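Here's the structure, in C-alpha cells; my notes come after.
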C-alpha cells in the first residue's frame, strides 16, 4: 500500500519500474523514488528550479544597444504570445522592462510538445555582438566509451534546462524582447542566445565535478547515470537525486528513463557493452530520396558521417 500511494501521479514509465523492482529492493526504492517524486518533479515547463550558482553574465563586444521593432502577428498568434508571456511572468522567468535593447518575438513549433507552439526570440542581431565562449562541448566518443562498460542506465532530462540558470541583474536588460503589447526581459538564460549552450554545459559539468561523480555524464540538459549492477544503480540514483535537491534542479519525469539495460543516446543504442547506430536513424537514412543539389548532399553526409566508424572503408566511398 505504501508503494502504491508513493507512485501516484508518476509517469507510466516510473510507475511500472517501481512496481517491478520494489519487491526486491523496497527500502532503496522508497528512498530513491520518494526523492524523485517530492523534490525533483516539475509540474510543467514553467515550473523550474534555480541553480545555486553565481548569476551569469552576458558580455557584448559593443555598448550600442540592439533595438528592433516587433514582428507583425495575427490576432491568434498575438493571443498565444500573450498567454505564454503571462505564464513566464507568473513564474518569475521574465519581468516587464524599459530596456534600450529589444529583440522581436515569433512562434515556433516545439518538437517535444507535439503541435504546440512556443515563443522564440530572434536574437540574431544580439548574437552578432555576444562575446564568444570557448567552453569545450562534450566529446561524443568519450561519452560513449564510458557508457559502453555499464549494464544499467538512467536518463534524466532537466525541465526547461536553460531556464534553471539565473542572469546577472546588470545583464537582464540585454535580453529584452518586444511584443505588440509590451517590452519584457529575461531573468533566466533563454534559448536562442549563442553562448547559452556553453554556459549551461559548464554549469552542469561543474556540478558533477564538484561532487566527484564518476557514474554520470551530461550532454547539455541530458544527464546519463550508468552503473555496473542494479544495486549499485539505485545507490547512484539516490546520490544524484540528493544532488538535484541541493542544487535545486527539477526534472521532466515524462522524458526520463530509469534502470534500463538498453538506452538511446546521441543517435546510438548502448546495451551490454555494445554501441550501435540507432535503428530509427538508420531507417530514416535508408528512406532518403536521390539527392539533387549540394545542400541535400551536405545534409546526407552529415547524417551518415556520425556513423562513419560502422561503415567499412568510409573515407574511400563516393556518392554516385
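Numbering (UniProt numbering), first residue to last: 1 to 320.
By construction, the Cβ of each residue, glycine as well, lies at the ideal position given by its N, Cα and C atoms.
These numbers come from a predicted model, not from an experiment.
Residue 211 carries a coil assignment under DSSP once its states are collapsed to helix, strand and coil.
Nearest Cα to residue 61 within the set 210, 231, 174: 174.
In the DSSP assignment, residue 222 forms a beta bridge with 157, 219. In this structure, the alpha-carbon of residue 195 lies about 35 Å from that of residue 234. For residue 275, no alpha helix (DSSP H) segment is defined; the enclosing uninterrupted segment is the beta strand (DSSP E) at 274 to 277. Straight across, the Cα-Cα distance linking residue 101 with residue 153 is about 44 Å. Partner residues in the beta bridge of residue 130, as assigned by DSSP, are 60. Cβ contact annotation for residue 183 (same chain, cutoff 8 Å, sequence separation greater than five): 96, 97, 98, 99, 102, 176, 177, in chain order. Setting aside the 5 residues that flank it on each side, residue 91 is surrounded in the same chain by 46, 47, 48, each with a C-beta closer than 8 Å to its C-beta; the list follows chain order. DSSP links residue 186 through a beta bridge to 94. By the 16-neighbour rule on beta-carbons within 10 angstroms, residue 123 is buried.
With contacts defined as CB atoms closer than 8 Å, residue 81 and residue 179 qualify as a contacting pair. Beta-bridge pairing by DSSP links residue 177 to 103, 184. By the beta-carbon neighbour count (other beta carbons within 10 angstroms, threshold 16), residue 168 is exposed.
Residue 229 and residue 222 have their C-alpha atoms some 21 Å from each other. A straight-line Cα-Cα distance of about 6 Å links residue 51 and residue 248. Contact between residue 189 and residue 77 fails: their C-beta atoms lie close to 25 Å from each other, not under 8 Å. Contact between the segment 131 to 147 and the segment 191 to 205 is present: three or more C-beta pairs spanning the two stretches fall below 8 Å. Counted as a single uninterrupted DSSP element, the alpha helix (DSSP H) harbouring residue 239 occupies residues 230 to 247. Contact between residue 151 and residue 261 holds, with the beta-carbon distance rounding to 7 Å and staying under 8 Å.
With respect to residue 219, residue 143 sits close: the two C-beta atoms are nearer than 8 Å. Residues 303, 304 of the same chain have their beta carbon placed closer than 7 Å to that of residue 285, with the five preceding and five following residues left out of the count. Among the bridge pairs identified by DSSP, residue 120 is matched with 106.
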